[in-house]
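Student: For what it's worth, the numbering used here labels the leading residue of the sequence shown as 56, then goes sequentially.
Yeah, the Cβ is synthetic: ideal placement off N, Cα and C, and Gly gets one too.
Values in this document were obtained by computation on a predicted structure and should not be read as measured data.
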Amino acid sequence: MSNSTPTLKRTLNARLLWGLGVGYVISGMYFGWNLGLEQGGTLGLAIATAFIILMYLCFTFSYTELACAIPKAGGAFDYAGRALGKDWGFITGMAQLIEFVFAPPAIAFAIGAYFNLFFPQFSIFSIAVFVYLLFTALNIYGVKAAARFELIITILAVGELLLFAGVTLPSFSPEKFQMNALPNGWEGILAAIPFAIWFFLGIEGVANVAEETVNPQKTILKGFGSAILTLVLLCILTFTSAVGVAGWEAIVYTADGQTSDSPLPLALAYVVADNNVLYHMLITVGLLGLVASFHGLILAAGRASFEMGRVGLAPSFLGLIHRRFQTPAWALVVNMFIGIATLYLGDTQEIIKLSVFGALTLYIISMISFIRLRRREPALERPFRAPFYPFAPIAALAIALISLIAMTVYNFKLAVIYGSVLAGAYIIYRIIPQSTSKT
(Lines of atoms letter the chains of each structure in order from A and count residues from 1; the text may use other names and numbers.)
(Lines give C-alpha, C1' and ligand atoms only; values in the text may rest on other atoms or scores of the structure.)
Protein backbone atom coordinates (compact mmCIF):
# COMPACT_ATOMS: atom_id res chain seq x y z
CA MET A 1 0.00 0.00 0.00
CA SER A 2 1.06 3.59 -0.50
CA ASN A 3 -0.26 7.00 0.53
CA SER A 4 1.26 8.89 -2.40
CA THR A 5 0.97 7.29 -5.83
CA PRO A 6 -2.41 5.51 -5.80
CA THR A 7 -5.59 7.58 -5.88
CA LEU A 8 -9.29 6.80 -5.63
CA LYS A 9 -10.74 5.95 -9.05
CA ARG A 10 -13.65 7.91 -10.56
CA THR A 11 -15.96 5.14 -11.75
CA LEU A 12 -19.42 5.86 -10.28
CA ASN A 13 -22.31 7.22 -12.37
CA ALA A 14 -25.75 8.51 -11.31
CA ARG A 15 -27.36 5.07 -11.57
CA LEU A 16 -24.75 3.53 -9.26
CA LEU A 17 -25.12 6.47 -6.85
CA TRP A 18 -28.88 5.89 -6.73
CA GLY A 19 -28.17 2.25 -5.90
CA LEU A 20 -25.78 3.27 -3.14
CA GLY A 21 -28.09 5.97 -1.73
CA VAL A 22 -31.15 3.72 -1.57
CA GLY A 23 -29.05 0.72 -0.58
CA TYR A 24 -27.48 2.51 2.41
CA VAL A 25 -30.94 3.12 3.84
CA ILE A 26 -33.33 0.44 2.62
CA SER A 27 -32.79 -1.94 5.54
CA GLY A 28 -34.56 0.69 7.63
CA MET A 29 -37.75 -0.30 5.82
CA TYR A 30 -37.27 -3.96 6.78
CA PHE A 31 -36.55 -3.76 10.50
CA GLY A 32 -36.00 -1.37 13.39
CA TRP A 33 -38.64 1.24 12.56
CA ASN A 34 -41.44 -0.90 14.02
CA LEU A 35 -39.88 -0.58 17.50
CA GLY A 36 -40.97 3.07 17.38
CA LEU A 37 -44.57 1.88 17.34
CA GLU A 38 -44.10 0.53 20.85
CA GLN A 39 -43.17 4.06 21.90
CA GLY A 40 -45.59 6.17 19.89
CA GLY A 41 -48.20 3.90 18.34
CA THR A 42 -49.37 4.46 14.77
CA LEU A 43 -50.10 8.17 15.21
CA GLY A 44 -47.02 8.95 17.28
CA LEU A 45 -44.59 7.28 14.87
CA ALA A 46 -46.45 8.75 11.87
CA ILE A 47 -46.12 12.31 13.22
CA ALA A 48 -42.46 11.76 14.12
CA THR A 49 -41.82 10.31 10.65
CA ALA A 50 -43.53 13.25 8.92
CA PHE A 51 -41.19 15.71 10.64
CA ILE A 52 -38.18 13.49 9.93
CA ILE A 53 -39.14 13.31 6.23
CA LEU A 54 -39.24 17.12 6.15
CA MET A 55 -35.83 17.22 7.86
CA TYR A 56 -34.29 14.79 5.37
CA LEU A 57 -35.70 16.56 2.32
CA CYS A 58 -34.34 19.90 3.52
CA PHE A 59 -31.07 18.34 4.66
CA THR A 60 -30.49 16.28 1.52
CA PHE A 61 -30.71 19.16 -0.95
CA SER A 62 -28.53 21.37 1.27
CA TYR A 63 -26.04 18.54 1.69
CA THR A 64 -26.05 17.97 -2.07
CA GLU A 65 -24.84 21.54 -2.56
CA LEU A 66 -21.96 20.86 -0.18
CA ALA A 67 -21.12 17.55 -1.85
CA CYS A 68 -21.04 19.15 -5.32
CA ALA A 69 -18.99 22.15 -4.18
CA ILE A 70 -16.53 20.13 -2.05
CA PRO A 71 -16.43 16.59 -3.53
CA LYS A 72 -14.20 14.92 -0.93
CA ALA A 73 -14.34 11.42 0.56
CA GLY A 74 -14.75 12.74 4.12
CA GLY A 75 -18.17 14.24 3.44
CA ALA A 76 -19.39 16.23 6.46
CA PHE A 77 -15.92 16.11 8.02
CA ASP A 78 -14.50 18.09 5.09
CA TYR A 79 -17.40 20.56 5.00
CA ALA A 80 -17.21 21.33 8.73
CA GLY A 81 -13.42 21.62 8.62
CA ARG A 82 -13.61 24.21 5.87
CA ALA A 83 -16.47 26.19 7.41
CA LEU A 84 -15.77 25.94 11.14
CA GLY A 85 -12.14 24.89 11.52
CA LYS A 86 -10.25 21.66 12.26
CA ASP A 87 -11.65 21.14 15.76
CA TRP A 88 -15.25 21.08 14.54
CA GLY A 89 -14.14 19.07 11.55
CA PHE A 90 -12.73 16.44 13.88
CA ILE A 91 -15.90 16.32 16.01
CA THR A 92 -18.03 15.98 12.87
CA GLY A 93 -15.75 13.25 11.57
CA MET A 94 -16.09 11.33 14.82
CA ALA A 95 -19.89 11.69 14.76
CA GLN A 96 -19.90 10.44 11.18
CA LEU A 97 -17.76 7.45 12.11
CA ILE A 98 -20.05 6.58 15.02
CA GLU A 99 -23.04 6.68 12.66
CA PHE A 100 -21.47 4.63 9.88
CA VAL A 101 -19.47 2.21 12.02
CA PHE A 102 -22.23 1.38 14.53
CA ALA A 103 -25.17 1.07 12.13
CA PRO A 104 -23.77 -2.06 10.36
CA PRO A 105 -23.61 -4.21 13.54
CA ALA A 106 -27.35 -3.66 14.10
CA ILE A 107 -28.00 -4.73 10.51
CA ALA A 108 -25.60 -7.67 10.87
CA PHE A 109 -27.68 -8.96 13.78
CA ALA A 110 -30.80 -8.80 11.61
CA ILE A 111 -29.02 -10.65 8.77
CA GLY A 112 -27.88 -13.27 11.25
CA ALA A 113 -31.42 -13.67 12.59
CA TYR A 114 -32.79 -14.14 9.05
CA PHE A 115 -30.21 -16.78 8.13
CA ASN A 116 -30.61 -18.50 11.48
CA LEU A 117 -34.22 -19.26 10.57
CA PHE A 118 -33.02 -21.31 7.59
CA PHE A 119 -29.75 -22.60 9.09
CA PRO A 120 -30.33 -22.96 12.85
CA GLN A 121 -27.09 -24.92 13.19
CA PHE A 122 -25.22 -21.60 12.79
CA SER A 123 -25.50 -19.00 15.54
CA ILE A 124 -26.65 -15.46 14.78
CA PHE A 125 -23.29 -14.13 15.95
CA SER A 126 -21.23 -16.43 13.70
CA ILE A 127 -23.35 -15.50 10.67
CA ALA A 128 -22.93 -11.79 11.47
CA VAL A 129 -19.14 -12.16 11.68
CA PHE A 130 -19.08 -14.07 8.38
CA VAL A 131 -20.99 -11.35 6.51
CA TYR A 132 -18.60 -8.75 7.94
CA LEU A 133 -15.64 -10.66 6.52
CA LEU A 134 -17.35 -11.26 3.17
CA PHE A 135 -18.47 -7.71 2.45
CA THR A 136 -15.33 -6.08 3.77
CA ALA A 137 -13.40 -8.23 1.28
CA LEU A 138 -15.76 -7.17 -1.54
CA ASN A 139 -15.24 -3.50 -0.70
CA ILE A 140 -11.48 -3.93 -0.64
CA TYR A 141 -11.62 -5.59 -4.07
CA GLY A 142 -12.99 -2.48 -5.79
CA VAL A 143 -15.57 0.28 -5.51
CA LYS A 144 -17.09 -0.27 -8.94
CA ALA A 145 -17.67 -3.97 -8.30
CA ALA A 146 -19.06 -3.10 -4.88
CA ALA A 147 -21.37 -0.44 -6.32
CA ARG A 148 -22.62 -2.73 -9.09
CA PHE A 149 -23.41 -5.43 -6.55
CA GLU A 150 -25.17 -2.80 -4.43
CA LEU A 151 -27.26 -1.66 -7.40
CA ILE A 152 -28.43 -5.19 -8.20
CA ILE A 153 -29.48 -6.12 -4.68
CA THR A 154 -31.03 -2.67 -4.11
CA ILE A 155 -33.25 -3.07 -7.19
CA LEU A 156 -34.33 -6.49 -5.91
CA ALA A 157 -34.97 -5.10 -2.41
CA VAL A 158 -37.07 -2.22 -3.78
CA GLY A 159 -39.02 -4.71 -5.88
CA GLU A 160 -39.64 -6.84 -2.79
CA LEU A 161 -41.07 -3.86 -0.89
CA LEU A 162 -43.37 -3.06 -3.80
CA LEU A 163 -44.46 -6.70 -3.94
CA PHE A 164 -45.04 -6.70 -0.16
CA ALA A 165 -47.25 -3.63 -0.48
CA GLY A 166 -49.12 -5.20 -3.40
CA VAL A 167 -49.88 -8.31 -1.33
CA THR A 168 -50.85 -6.56 1.92
CA LEU A 169 -52.66 -3.39 0.81
CA PRO A 170 -55.79 -5.27 -0.35
CA SER A 171 -56.12 -6.37 3.31
CA PHE A 172 -55.66 -2.83 4.66
CA SER A 173 -58.11 -2.03 7.45
CA PRO A 174 -58.67 1.62 8.52
CA GLU A 175 -59.95 0.40 11.88
CA LYS A 176 -56.85 -1.73 12.54
CA PHE A 177 -54.59 1.08 11.32
CA GLN A 178 -56.06 3.51 13.87
CA MET A 179 -56.29 1.04 16.77
CA ASN A 180 -54.56 2.29 19.96
CA ALA A 181 -53.01 5.02 17.84
CA LEU A 182 -51.30 6.98 20.64
CA PRO A 183 -50.66 4.58 23.56
CA ASN A 184 -48.20 6.78 25.46
CA GLY A 185 -49.70 10.19 24.74
CA TRP A 186 -47.91 12.98 22.99
CA GLU A 187 -44.62 12.12 24.68
CA GLY A 188 -44.61 8.98 22.57
CA ILE A 189 -43.95 11.13 19.49
CA LEU A 190 -40.62 12.28 20.91
CA ALA A 191 -39.68 8.78 22.07
CA ALA A 192 -40.36 7.44 18.54
CA ILE A 193 -37.96 9.89 16.84
CA PRO A 194 -34.86 7.63 16.65
CA PHE A 195 -36.89 4.91 14.95
CA ALA A 196 -38.34 7.40 12.45
CA ILE A 197 -34.77 8.47 11.66
CA TRP A 198 -33.84 4.81 11.14
CA PHE A 199 -36.08 4.88 8.05
CA PHE A 200 -33.53 7.20 6.34
CA LEU A 201 -30.31 6.97 8.33
CA GLY A 202 -27.24 6.75 6.10
CA ILE A 203 -28.49 8.55 2.97
CA GLU A 204 -25.74 11.13 3.40
CA GLY A 205 -23.18 8.39 2.74
CA VAL A 206 -23.52 9.19 -0.97
CA ALA A 207 -21.34 12.25 -0.36
CA ASN A 208 -18.50 10.03 0.87
CA VAL A 209 -17.95 8.55 -2.58
CA ALA A 210 -17.80 11.97 -4.28
CA GLU A 211 -14.10 11.49 -5.08
CA GLU A 212 -14.97 8.27 -6.91
CA THR A 213 -17.82 9.78 -8.93
CA VAL A 214 -17.63 10.68 -12.61
CA ASN A 215 -18.41 14.39 -13.03
CA PRO A 216 -19.52 14.73 -9.38
CA GLN A 217 -21.02 18.20 -9.84
CA LYS A 218 -23.83 16.75 -11.96
CA THR A 219 -23.86 13.09 -11.01
CA ILE A 220 -24.24 13.58 -7.24
CA LEU A 221 -27.34 15.73 -7.70
CA LYS A 222 -29.03 13.13 -9.87
CA GLY A 223 -28.07 10.18 -7.68
CA PHE A 224 -28.70 11.87 -4.33
CA GLY A 225 -32.00 13.50 -5.34
CA SER A 226 -33.53 10.41 -6.93
CA ALA A 227 -32.46 8.29 -3.95
CA ILE A 228 -34.16 10.43 -1.29
CA LEU A 229 -37.39 10.68 -3.30
CA THR A 230 -37.43 6.90 -3.78
CA LEU A 231 -36.93 6.37 -0.05
CA VAL A 232 -39.72 8.76 0.96
CA LEU A 233 -42.20 6.90 -1.25
CA LEU A 234 -41.05 3.49 0.07
CA CYS A 235 -41.28 4.70 3.67
CA ILE A 236 -44.91 5.84 3.31
CA LEU A 237 -45.88 2.71 1.40
CA THR A 238 -44.20 0.27 3.81
CA PHE A 239 -45.49 1.98 6.96
CA THR A 240 -49.08 2.06 5.69
CA SER A 241 -49.22 -1.46 4.29
CA ALA A 242 -47.50 -3.13 7.26
CA VAL A 243 -49.49 -1.46 10.03
CA GLY A 244 -52.81 -1.54 8.17
CA VAL A 245 -53.09 -5.34 8.06
CA ALA A 246 -53.64 -6.07 11.76
CA GLY A 247 -52.62 -2.98 13.74
CA TRP A 248 -49.26 -1.86 15.06
CA GLU A 249 -49.00 -4.39 17.91
CA ALA A 250 -49.12 -7.24 15.40
CA ILE A 251 -45.81 -6.14 13.84
CA VAL A 252 -44.06 -5.27 17.10
CA TYR A 253 -44.69 -8.32 19.29
CA THR A 254 -44.21 -11.98 18.51
CA ALA A 255 -46.53 -14.71 19.79
CA ASP A 256 -44.52 -15.00 23.02
CA GLY A 257 -44.73 -11.25 23.68
CA GLN A 258 -41.15 -10.39 22.68
CA THR A 259 -40.37 -7.41 20.45
CA SER A 260 -39.43 -8.37 16.90
CA ASP A 261 -36.87 -7.08 14.40
CA SER A 262 -38.94 -8.54 11.55
CA PRO A 263 -42.15 -6.52 11.08
CA LEU A 264 -42.77 -7.42 7.43
CA PRO A 265 -42.91 -11.21 7.94
CA LEU A 266 -45.26 -10.65 10.91
CA ALA A 267 -47.60 -8.54 8.76
CA LEU A 268 -47.37 -10.95 5.84
CA ALA A 269 -48.38 -13.88 8.04
CA TYR A 270 -51.82 -12.28 8.44
CA VAL A 271 -52.32 -12.33 4.68
CA VAL A 272 -50.72 -15.57 3.44
CA ALA A 273 -49.93 -18.80 5.26
CA ASP A 274 -46.36 -19.25 6.46
CA ASN A 275 -46.05 -22.33 4.23
CA ASN A 276 -47.09 -20.35 1.16
CA VAL A 277 -44.51 -20.07 -1.64
CA LEU A 278 -45.09 -16.32 -1.82
CA TYR A 279 -44.37 -15.98 1.91
CA HIS A 280 -41.03 -17.76 1.66
CA MET A 281 -40.07 -15.87 -1.49
CA LEU A 282 -40.76 -12.51 0.14
CA ILE A 283 -38.85 -13.42 3.28
CA THR A 284 -35.86 -14.66 1.28
CA VAL A 285 -35.75 -11.64 -1.02
CA GLY A 286 -36.29 -9.40 2.00
CA LEU A 287 -32.89 -10.42 3.24
CA LEU A 288 -31.40 -8.53 0.30
CA GLY A 289 -32.59 -5.23 1.76
CA LEU A 290 -30.55 -5.89 4.87
CA VAL A 291 -27.53 -6.94 2.81
CA ALA A 292 -27.81 -3.80 0.66
CA SER A 293 -27.63 -1.45 3.64
CA PHE A 294 -24.97 -3.46 5.44
CA HIS A 295 -22.74 -3.54 2.39
CA GLY A 296 -23.34 0.12 1.49
CA LEU A 297 -22.64 1.46 4.98
CA ILE A 298 -19.40 -0.50 5.13
CA LEU A 299 -18.39 1.29 1.93
CA ALA A 300 -19.32 4.74 3.31
CA ALA A 301 -17.63 4.10 6.66
CA GLY A 302 -14.43 3.10 4.91
CA ARG A 303 -14.30 6.41 3.04
CA ALA A 304 -15.00 8.43 6.19
CA SER A 305 -12.21 6.69 8.13
CA PHE A 306 -9.87 6.97 5.16
CA GLU A 307 -10.30 10.75 4.91
CA MET A 308 -9.60 11.31 8.61
CA GLY A 309 -6.46 9.22 8.33
CA ARG A 310 -5.39 10.97 5.12
CA VAL A 311 -5.44 14.45 6.69
CA GLY A 312 -3.85 13.33 9.97
CA LEU A 313 -6.82 13.51 12.33
CA ALA A 314 -6.72 9.73 12.84
CA PRO A 315 -3.87 7.20 12.61
CA SER A 316 -2.18 7.83 9.29
CA PHE A 317 -2.32 4.20 8.13
CA LEU A 318 -6.10 4.62 7.77
CA GLY A 319 -5.35 7.03 4.91
CA LEU A 320 -3.44 4.47 2.86
CA ILE A 321 -4.82 3.26 -0.48
CA HIS A 322 -4.28 -0.29 -1.66
CA ARG A 323 -1.89 -0.10 -4.61
CA ARG A 324 -3.62 -2.81 -6.63
CA PHE A 325 -7.31 -2.29 -5.84
CA GLN A 326 -7.14 1.48 -5.22
CA THR A 327 -9.46 1.26 -2.23
CA PRO A 328 -8.97 2.32 1.45
CA ALA A 329 -8.22 -1.22 2.61
CA TRP A 330 -6.84 -0.44 6.07
CA ALA A 331 -9.81 1.78 6.94
CA LEU A 332 -12.21 -0.97 5.88
CA VAL A 333 -10.40 -3.62 7.95
CA VAL A 334 -10.25 -1.48 11.10
CA ASN A 335 -13.95 -0.64 10.81
CA MET A 336 -14.69 -4.34 10.45
CA PHE A 337 -12.94 -5.18 13.72
CA ILE A 338 -14.79 -2.38 15.53
CA GLY A 339 -18.08 -3.64 14.12
CA ILE A 340 -17.40 -7.24 15.17
CA ALA A 341 -16.48 -6.06 18.67
CA THR A 342 -19.77 -4.14 18.80
CA LEU A 343 -21.68 -7.34 18.04
CA TYR A 344 -20.89 -8.45 21.58
CA LEU A 345 -23.20 -5.69 22.88
CA GLY A 346 -26.10 -7.70 21.51
CA ASP A 347 -28.80 -5.00 21.82
CA THR A 348 -30.18 -3.84 18.47
CA GLN A 349 -32.17 -0.94 19.95
CA GLU A 350 -29.15 0.51 21.76
CA ILE A 351 -26.89 0.19 18.71
CA ILE A 352 -29.50 1.88 16.52
CA LYS A 353 -29.84 4.77 18.97
CA LEU A 354 -26.06 5.22 19.25
CA SER A 355 -25.84 5.44 15.47
CA VAL A 356 -28.70 7.97 15.43
CA PHE A 357 -26.88 10.16 17.97
CA GLY A 358 -23.94 10.31 15.57
CA ALA A 359 -26.20 11.07 12.61
CA LEU A 360 -28.02 13.94 14.34
CA THR A 361 -24.72 15.51 15.38
CA LEU A 362 -23.56 15.28 11.77
CA TYR A 363 -26.79 16.86 10.48
CA ILE A 364 -26.63 19.77 12.94
CA ILE A 365 -23.00 20.67 12.27
CA SER A 366 -23.42 20.16 8.50
CA MET A 367 -26.31 22.63 8.32
CA ILE A 368 -24.38 25.18 10.38
CA SER A 369 -21.44 24.66 8.00
CA PHE A 370 -23.74 25.07 5.00
CA ILE A 371 -25.09 28.42 6.22
CA ARG A 372 -21.62 29.66 7.21
CA LEU A 373 -20.10 28.77 3.83
CA ARG A 374 -22.93 30.55 2.02
CA ARG A 375 -22.08 33.70 3.98
CA ARG A 376 -18.27 33.42 4.13
CA GLU A 377 -17.58 32.05 0.67
CA PRO A 378 -20.24 33.40 -1.69
CA ALA A 379 -17.81 33.00 -4.59
CA LEU A 380 -17.30 29.25 -3.97
CA GLU A 381 -18.24 27.38 -7.13
CA ARG A 382 -21.60 25.73 -6.50
CA PRO A 383 -22.73 23.73 -9.54
CA PHE A 384 -25.92 22.98 -7.62
CA ARG A 385 -27.55 25.51 -5.30
CA ALA A 386 -30.08 24.20 -2.78
CA PRO A 387 -33.59 25.66 -3.22
CA PHE A 388 -35.51 27.49 -0.48
CA TYR A 389 -32.44 28.99 1.18
CA PRO A 390 -32.31 29.81 4.09
CA PHE A 391 -35.56 28.02 5.02
CA ALA A 392 -34.40 24.52 4.07
CA PRO A 393 -31.15 24.38 6.11
CA ILE A 394 -32.75 26.20 9.06
CA ALA A 395 -35.70 23.77 9.07
CA ALA A 396 -33.33 20.77 8.91
CA LEU A 397 -31.19 22.28 11.68
CA ALA A 398 -34.19 22.99 13.94
CA ILE A 399 -35.73 19.52 13.57
CA ALA A 400 -32.35 17.84 14.11
CA LEU A 401 -31.76 19.90 17.28
CA ILE A 402 -35.19 19.05 18.68
CA SER A 403 -34.61 15.39 17.81
CA LEU A 404 -31.22 15.36 19.55
CA ILE A 405 -32.68 16.97 22.69
CA ALA A 406 -35.57 14.50 22.72
CA MET A 407 -33.21 11.55 22.29
CA THR A 408 -31.03 12.81 25.13
CA VAL A 409 -34.03 13.15 27.47
CA TYR A 410 -35.37 9.67 26.70
CA ASN A 411 -31.99 7.95 26.43
CA PHE A 412 -29.88 9.86 28.94
CA LYS A 413 -27.51 7.02 29.85
CA LEU A 414 -26.75 6.31 26.21
CA ALA A 415 -26.34 10.06 25.56
CA VAL A 416 -23.72 10.20 28.31
CA ILE A 417 -21.87 7.27 26.75
CA TYR A 418 -22.01 8.92 23.31
CA GLY A 419 -20.86 12.28 24.69
CA SER A 420 -18.04 10.60 26.60
CA VAL A 421 -16.79 8.88 23.45
CA LEU A 422 -16.78 12.19 21.56
CA ALA A 423 -15.11 14.05 24.46
CA GLY A 424 -12.50 11.33 24.96
CA ALA A 425 -11.62 11.25 21.27
CA TYR A 426 -11.37 15.05 21.17
CA ILE A 427 -9.06 15.14 24.21
CA ILE A 428 -6.78 12.55 22.61
CA TYR A 429 -6.85 14.53 19.36
CA ARG A 430 -5.79 17.71 21.20
CA ILE A 431 -3.10 16.02 23.28
CA ILE A 432 -1.37 14.00 20.55
CA PRO A 433 0.81 16.20 18.31
CA GLN A 434 -0.83 16.65 14.92
CA SER A 435 2.39 16.34 12.96
CA THR A 436 0.66 14.62 10.07
CA SER A 437 -2.15 17.17 9.72
CA LYS A 438 -0.23 19.05 7.02
CA THR A 439 -1.08 16.45 4.43
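What does the alpha-carbon distance come out to for the pair PHE294 and TYR111?
Tutor: Walking along the sequence shown from the start, residue 294 turns up at place 239. Walking along the sequence shown from the start, residue 111 turns up at place 56. Roughly 17 Å between the two C-alpha positions.
Student: Between the Cα of PHE157 and the Cα atoms of VAL389, PHE114, ALA236, which residue gives the shortest distance?
Tutor: On the sequence shown, position 102 is the one that residue 157 refers to. For the residues VAL389, PHE114, ALA236, the minimum Cα distance to PHE157 belongs to VAL389.
Student: If you draw a straight line from the alpha carbon of GLY167 to that of PHE467, how long is it in whole angstroms?
Tutor: To locate residue 167, count along the sequence shown from 1; it is residue 112. To locate residue 467, count along the sequence shown from 1; it is residue 412. So the two alpha carbons sit approximately 29 Å from each other.
Student: From ARG427 to LEU276, what distance separates their C-alpha atoms?
Tutor: On the sequence shown, residue 427 is found 372 positions in, with the first residue counted as 1. On the sequence shown, residue 276 is found 221 positions in, with the first residue counted as 1. C-alpha separation (whole angstroms): 21 Å.
Student: For THR314, list the residues DSSP reports as bridge partners.
Tutor: Locating residue 314 in the sequence shown gives position 259, counting from the first residue. TYR308, per the DSSP bridge assignment.
Student: Hey, how far is the Cα of ALA478 from the Cα of PHE145?
Tutor: The sequence position of residue 478 within the sequence shown is 423, counting from 1. The sequence position of residue 145 within the sequence shown is 90, counting from 1. Cα-Cα distance, rounded: 11 Å.
Student: Going straight from the alpha carbon of GLY95 to that of LEU211, what length do you get?
Tutor: Here residue 95 refers to the residue found at position 40 when the sequence shown is read from its first residue. Here residue 211 refers to the residue found at position 156 when the sequence shown is read from its first residue. Each residue's alpha carbon lies about 31 Å from the other.
Student: Quick one: grab the DSSP three-state call for ARG70.
Tutor: What you label residue 70 is simply residue 15 of the sequence shown in a count that begins at 1. Correct three-state label for ARG70: helix.
Student: Here's the rule: buried if 16 or more other CB atoms are within 10 angstroms of the residue's CB, otherwise exposed. What is PRO442?
Tutor: Locating residue 442 in the sequence shown gives position 387, counting from the first residue. PRO442 should be labelled exposed.
Student: Taking only three categories from DSSP, how would you classify THR382?
Tutor: Mapped onto the sequence shown, residue 382 falls at position 327. Reduced to three states, the DSSP call for THR382 is coil.
Student: Would you call the CB atoms of LEU387 and GLY357 closer than 7 Å?
Tutor: On the sequence shown, residue 387 is found 332 positions in, with the first residue counted as 1. On the sequence shown, residue 357 is found 302 positions in, with the first residue counted as 1. Yes, the Cβ-Cβ distance between LEU387 and GLY357 is below 7 Å.
Student: Whole angstroms are fine: how far does the CA of PHE425 sit from the CA of ARG431?
Tutor: As a working mapping, residue 431 is identified with position 376 in the sequence shown. As a working mapping, residue 425 is identified with position 370 in the sequence shown. If you take the alpha carbons of ARG431 and PHE425, they lie about 10 Å apart.
Student: Strictly by DSSP, which residues pair up with THR268?
Tutor: Taking the sequence shown and counting its residues from 1, one reaches residue 268 at position 213. In the DSSP output, where bridge partners are listed per residue, THR268 has LEU67.
Student: Return the residue from the list LEU321, ILE258, GLU205 that minimises the CA-CA distance to GLY83.
Tutor: Here residue 83 refers to the residue found at position 28 of the sequence shown. That would be ILE258, whose Cα lies nearest to the Cα of GLY83.
Student: On a CA-only basis, which of TRP385, TYR85, GLU120 is nearest ALA163? Give me that one, please.
Tutor: To locate residue 163, count along the sequence shown from 1; it is residue 108. Out of TRP385, TYR85, GLU120, TYR85 has the C-alpha closest to the C-alpha of ALA163.
Student: Quick one: what's got a C-beta closer than 8 Å to ALA455's C-beta in the same chain, skipping five residues either side?
Tutor: If you number the sequence shown from 1, residue 455 lands on position 400. Cβ within range, chain order: MET110, PHE114, LEU415, TYR418, ILE419, MET422.
Student: Using a Cβ-Cβ cutoff of less than 8 Å, which residues in the same chain neighbour HIS350 once the five nearest sequence positions on both sides are dropped?
Tutor: Here the question's residue 350 lines up with position 295 in the sequence shown. Once the five neighbours on either side are set aside, the close Cβ partners of HIS350 are GLY78, PHE190, LEU193, ASN194, ALA201, PHE204, GLU205, ILE208.
Student: From the DSSP output, in three-state form, read off TRP496 for me.
Tutor: The requested residue 496 is not part of the displayed model; the chain covers only 56 to 494.
Student: Please go through the same chain and pick out, in chain order, the residues whose beta-carbon is closer than 8 Å to the beta-carbon of THR60, but skip the five residues on each side of it.
Tutor: Counting from 1 along the sequence shown, the entry for residue 60 is found at position 5. Per-residue confidence for THR60 stands at a pLDDT of 47, beneath the threshold of 50, marking its modelled position as unreliable; no derived number is given.
Student: How big is the Cα-Cα spacing for ARG485 and VAL476?
Tutor: Translated into positions along the sequence shown, residue 485 becomes position 430. Translated into positions along the sequence shown, residue 476 becomes position 421. The straight-line gap from Cα to Cα measures roughly 14 Å.
Student: Just to confirm my understanding: we take SER281, look at its own chain, exclude 5 residues before and 5 after, and list those with CB closer than 6 Å. What are they?
Tutor: Sequence index remark: in the sequence shown, residue 281 carries index 226 (1-based). Only TRP73 meet the Cβ criterion.
Student: Would you call the segment 232 to 247 and the segment 313 to 328 in contact, with 3 or more CB pairs under 8 Å?
Tutor: Not touching, per the Cβ criterion.
Student: Kindly list the residues whose CB is nearer than 6 Å to the CB of ALA131, restricted to its own chain and excluding five residues on each side of it in sequence; keep chain order.
Tutor: Taking the sequence shown and counting its residues from 1, the one referred to as residue 131 is at position 76. So the qualifying residues of the chain are THR147, GLN151, LEU417, SER421.
Student: Helix, strand or coil: how does DSSP classify SER410 here?
Tutor: In the sequence shown, residue 410 corresponds to position 355, counting from 1. SER410: helix per DSSP, three-state reduction.
Student: Does the Cβ-Cβ distance between PHE219 and LEU409 come in under 7 Å?
Tutor: In the sequence shown, residue 219 corresponds to position 164, counting from 1. In the sequence shown, residue 409 corresponds to position 354, counting from 1. The answer is no: Cβ separation not under 7 Å.
Student: Taking ALA322 and ALA355 to be in contact with their CB atoms under 8 Å, please state how far apart those CB atoms are, rounded to whole angstroms.
Tutor: Within the sequence shown, the letter at position 267 stands for residue 322. Within the sequence shown, the letter at position 300 stands for residue 355. In fact, because the Cβ distance is near 30 Å, the residues do not count as touching under 8 Å.
Student: What is the residue span of the alpha helix (DSSP H) that VAL464 lies within?
Tutor: Walking along the sequence shown from the start, residue 464 turns up at place 409. Element bounds for VAL464: 446 to 465.
Student: Quick check: is any heavy atom of the ligand SAM less than 6 Å from the C-beta of SER424?
Tutor: Although the ligand SAM was asked about, the structure shown includes no ligands whatsoever.
Student: If you reduce the DSSP assignment to three classes, tell me which class ARG440 lands in.
Tutor: Sequence index remark: in the sequence shown, residue 440 carries index 385 (1-based). Coil at ARG440, not helix or strand.
Student: What does a CB cutoff of less than 6 Å around ILE244 pick up in its chain, not counting 5 residues either side in sequence?
Tutor: By 1-based counting over the sequence shown, the position of residue 244 is 189. GLY95, GLY99, ILE102, ALA103.
Student: With a floor of 4 residues, list each alpha helix (DSSP H) that falls wholly inside the segment 109 to 177, ordered by position along the chain.
Tutor: The segment 109 to 177 contains these whole alpha helix (DSSP H) runs: 131 to 139, 141 to 173.
Student: Answer yes or no: do TRP88 and TRP253 have a C-beta to C-beta separation smaller than 7 Å?
Tutor: As a first step, residue 88 must be located in the sequence shown, where it is residue number 33. As a first step, residue 253 must be located in the sequence shown, where it is residue number 198. Contact: yes.
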